[in-house]
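S.K.: In terms of the numbering used here, the sequence shown has 967 at position 41, counting the first letter as 1, and numbering is strictly consecutive.
Ideal placement from N, C-alpha and C gives every residue a C-beta, glycine not left out.
Treat the numbers as computed from the prediction; the structure is a model and nothing was measured.
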Amino acid sequence: MRNQKAAELDVREYLPTIIKSKHKATRATLTDLQDQVFELCDGYDDAIDAMVPPAKQIWKDEESVALESCYSVGTIPLSKHKDNILSALKAQSEVNLQRCAYCMLSDPRTWDHYLPKESFPEYAVYHSNLLYICFGCNHRKSKHFHKARLLYCHPYFSVDAETALLHCQVTVAGGVLAIKYYCAGMGALHAAGGVAQRHLEGLGLINRFAAEASSMVSGLIGELRQYFPQGVPSASLDRVLQRRYAEAQQRLGINAWDSRLWHGVAHCADFLGYANEKIQSEGAPNANGFAVPPPPAA
């Protein structure tokens, strides 16, 4: 759920170039549809920005096949088009090519049609509909869409750069730490919060984030144990959490799952007692075997 900006590209420039690379019959069909596609693309951004999908069009079979072929059949103009989108993402931030905008866990290696090209072939190469994400998210998202509501966050439109939609609730009960991720938005971001929650559920991110977060909390307590073997003072813990929160937010944005984790930990009144109990009960880490050299390689 990382905010990104759409590349400043003009469909009226790149689509005709892609069309010209097609065989005669396909080229003729696409040329006849070109102005209609331009008009539909003009309305795409407004619809997604309003948190509703554009109306689904009715195409003849040959029209749908021709529109899909703009993406499904590789051409030099299509490759250049993708490169231009990647260049724009990289210019915004290197992290856009290092972390999937959907999950922020894996590296992006594939293209997703936010609105599936099988159902919305008119947006097959529209730059606002092409998102660079990881294989896992692309597989989980698949061809799902809903005619009346958005099912997934769109990093260009539904993820705010300044306000958190992702939240992390950290609680301690009976000496057990629980971490729960959820999404919600206040006021004008209420609709976006609903989309974000469906995004979490649809991509299986609630449990994935919690698993990663649990590991990070264990690492934090191990680090604190080294510097505060008798227990960490409240002020010191606050400083550590603020630093980690700021670093995570700077790296992946305000909706970064680790940024939200440290925010959740800081707002858990029982975490200090939990951390100090772990620090004191588990003792110093065991460095047994550290100085023993490994055997020679075979």
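Taking three-plus beta-carbon pairs below 8 Å as touching, is the region 1076 to 1086 in contact with the region 1111 to 1127?
M.R.: Touching, per the Cβ criterion.
S.K.: Can you name the start and end residues of the alpha helix (DSSP H) that T1001 belongs to?
M.R.: No alpha helix (DSSP H) holds T1001; DSSP gives it neither H nor E.
S.K.: Within its chain, find whatever has a CB closer than 7 Å to the CB of N1214; leave out the 5 residues flanking it on each side and keep chain order.
M.R.: Excluding sequence neighbours, N1214 sits near nothing in its chain.
S.K.: What would DSSP say about Y940, mapped onto helix, strand or coil?
M.R.: If DSSP states are grouped into helix, strand and coil, Y940 belongs with the helices.
S.K.: How about the region 953 to 970 and the region 1010 to 1023: do they share at least three Cβ pairs that are nearer than 8 Å?
M.R.: The region 953 to 970, when compared against the region 1010 to 1023, does not touch it at the 8 Å Cβ threshold.
S.K.: With Y1082 and Q1095 assumed to form a contact (beta carbons below 8 Å), what rounded beta-carbon distance in angstroms separates them?
M.R.: Going by Cβ atoms, the distance from Y1082 to Q1095 rounds to 28 Å, so no, they are not a contact pair.
S.K.: Let me know the secondary structure DSSP gives E935 once reduced to three states.
M.R.: The residue you asked about is not Glu; residue 935 is Leu in the sequence shown. Reduced to three states, the DSSP call for L935 is coil.
S.K.: For T1036, which residues does DSSP report across the bridge?
M.R.: Paired residues: I1059.
S.K.: Could you tell me which of M1030, S1032, S947 sits nearest to S1005, measuring between CA atoms?
M.R.: Residue S947 is the option with its Cα nearest to S1005.
S.K.: May I ask you to report which of helix, strand or coil DSSP gives C1109?
M.R.: Strand.
S.K.: Indicate whether L956 and A992 have their beta-carbon atoms separated by less than 8 Å.
M.R.: The answer is yes: Cβ separation under 8 Å.
S.K.: By how many angstroms is the C-alpha of A1050 removed from the C-alpha of K982?
M.R.: Rounded to the nearest angstrom, the two C-alpha atoms are 13 Å apart.
S.K.: From which residue to which residue does the beta strand (DSSP E) around Q1095 run?
M.R.: First-last of the beta strand (DSSP E) with Q1095: 1092 to 1099.
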